[in-house]
Amino acid sequence: MRKVRVRLGPRSYTIHIGSGMLEQAGQIISLLGFKGKAVVITDPVLKRLHSEALIESLTTSGFDATLLEVPAGEEQKSLDVVARLYQRLTDCLAERTTPVIALGGGVIGDLAGFAAATYLRGVPLVQVPTTLLAQVDSSIGGKVAVDHGRLKNRVGAFYQPKAVISDISVLKTLGSSALSDGLAEVIKSGVIRHAGFFSYLEQNTERVKAFDERVLETIVYRSARIKAEVVSGDELDTGLRNILNYGHTVGHAIESVSEFQISHGQAVAIGMIVAAKISNRLGILPQGDLVRMAELIARAGLPTELPAFELDRLVKAMKYDKKVLQGRARFVLLKAIGEVFLSDGVEQSLIEQVLLEK
Ligand SMILES: NC(=O)c1ccc[n+]([C@@H]2O[C@H](COP(=O)([O-])OP(=O)(O)OC[C@H]3O[C@@H](n4cnc5c(N)ncnc54)[C@H](O)[C@@H]3O)[C@@H](O)[C@H]2O)c1
Ligand SMILES: [Zn+2]
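Be aware that the sequence shown starts at 0, since it is given in numbering that gives the first Met the number 0, and climbs by one per residue.
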C-alpha cells in the first residue's frame, strides 16, 4: 500500500492506494475516529461488483452500514437526486458525525460529495473512487458538484474528504475505454509536472492496458501525488490549480460541440495535442516533445486529431468556456514535457490555424 498526503492544514487527508483496499476501508475509517453509523452511496454497477467487500469491511470494524443506491450516469448529478439523498439520509438517521462514503466513479464522488458537503451543513466524506479517472483526478482536491440543466458542475462547493481509499483491484472490471479516459488525465499529470513520469508511461503503456496491478498502482500513486501537490498549493483554484486544465480549454469545447458524444478523456487528449501544437508554433515547445506526446496518447487508445466538426461551432463553444476571458484565449501552454505555464494572450487566429491543420 502507498500513501499520499494532501496538505491543507486542518483539512489535510491521506490517499491510500493499493490492491485489496476495500477490505481495509473499515479499519482506515475507524482509525480516523468514526464509529457507529456509516452510509455508502453507490450505483447499481458498483453495488453488484464491489459493495459487498466494502460493507463487510465496515461491519467487521464495528460500523452499522447502510447502502444508498442511485442510478448510474451523469444525469444523476442533479439537485433533484441530491434532494432525494437528503431524505434517505434523514430516514436512516444520519447524524453530523456519520461518514458518507462515495463508492464509484466521478459521478458518484461529485454527487455524494455535494450531498455530504451540504447535509446538516456538512457530514464527513470518504471517497472510494473506482474508475481510473476518479482515482487520479476527481476524488482528490475537494471539488464537489452537480450539474444545472446542461451546465456541468454549475452548483458545487469545495469540500475536502477525510480520506481517499483507492483500491487498484477494482479497476479490473473497468472497460478499456474507461481506462483510456483515465489515462488522458494520467498523461496530463506527467506533461504538466513530471518528465520522468511521462517516460515511465511511455515504457509501460502495454502493461497498463493489460491491467497490470503493480504498474497501475504506480501510475495512480504518481498521478495522485502530482494532483495532491498542486491542490495543496492552491486549494480554492485561484492560481496554480490552473495548470490542471492543460488540454481542457479545447477539450471542453469539443465535449460540448459533440453534445458529450466524445468522452472527456478523448476530448482532453485532442485538447492536449492542440495546446502542444500552439506551444510549438509559438517557438516554445520542441517538435520532438510534440511527437512524443502524440505517440503516447495514440498508444493509450486515445484520439490525437480533431473530428470533422465545423470550426465555427468549435470556436464559438470555446468563447463560452470559463477560461476564455474578454475574447483572448487563456491557455495552459508547454515549454517542455513536464513544464507548463499559463498564457493569457493566445491569438484566436493561431488557435484557428492549429485547429484547421491536417
Ligand atoms: N470533482 C472533480 O474534481 C472532477 C474532476 C474530473 C471529473 N469530474 C467528474 O467526474 C465525472 C466522470 O467520472 P468517471 O469518468 O469516473 O465516470 P462515471 O462516474 O460516470 O463512471 C462511469 C461508469 O463506470 C461505472 N464504473 C465505475 N467504476 C467501475 C468499476 N470499477 N468497474 C466497472 N464499472 C465501473 C459506473 O457505474 C458508470 O456507469 C464527471 O461527472 C465529471 O464532471 C470531477
Ligand atoms: Zn479533466
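We put the CB at the ideal spot given by N, CA and C, even for glycine.
Within the same chain, 81, 84 come within 6 Å of residue 114 by CB-CB distance, once the 5 residues on both sides are set aside.
DSSP, read as helix, strand or coil, puts residue 260 in coil. Note on geometry: alpha-carbon atoms of residue 276 and residue 27 lie some 45 Å from one another.
Here the C-alpha atom of residue 47 lies approximately 37 Å from the C-alpha atom of residue 305.
Look at residue 48: its beta carbon is less than 7 Å from one of the heavy atoms in ligand 1. Looking at the DSSP output, residue 128 shares a beta bridge with 103. By the criterion of at least three beta-carbon pairs nearer than 8 Å, the segment 267-275 is in contact with the segment 329-336. Bridge partners of residue 67 according to DSSP: 40. The beta carbon of residue 156 sits closer than 6 Å to the beta carbons of 116, 143 from its chain, once the five residues preceding and following it are set aside; these are given in chain order.
Collapsing the DSSP output to three states places residue 27 in a helix. Taking 8 Å as the cut-off, the beta carbon of residue 24 is found no closer than this to the beta carbon of residue 139. With contacts defined by Cβ atoms closer than 8 Å, residue 53 and residue 106 do not form a contacting pair.
Nearest in C-alpha terms to residue 281, of all of 346, 29, 200, 63, is 346. Residue environment: residue 222 is assigned as buried (16 or more neighbouring CB atoms within 10 Å of its CB, all protein chains considered).
Within its own chain, the residues whose Cβ lies closer than 6 Å to the Cβ of residue 266, once the five positions on either side in sequence are excluded, are 250, 253, 254, listed in chain order.
Proximity of the beta carbon of residue 69 to ligand 1 is not indicated: no heavy atom of the ligand is located closer than 7 Å. Contact holds between the segment 7-26 and the segment 203-218, because three or more Cβ pairs, one in each stretch, are under 8 Å apart. Here residue 204 is buried. Its C-beta has 16 or more other C-beta atoms within 10 Å. Listed in chain order, the alpha helix (DSSP H) runs fully inside the segment 242-302 are 247-256, 263-280, 286-298, counting runs of at least 4 residues. Around the beta carbon of residue 35, fewer than 16 other beta carbons lie within 10 angstroms, which makes this residue exposed.
Placement of the Cβ of residue 267 at a distance of less than 7 Å from at least one heavy atom of ligand 2 is found. Just measuring C-alpha positions, the residue of 92, 188, 43, 49 sitting nearest residue 339 is 188.
For the 8 Å CB-CB criterion, residue 271 and residue 242 do not form a contact.
With 16 or more other Cβ atoms inside 10 Å of its own Cβ, residue 76 counts as buried. Shortest Cα-Cα distance from residue 31 to any of 104, 341, 11 involves 11.
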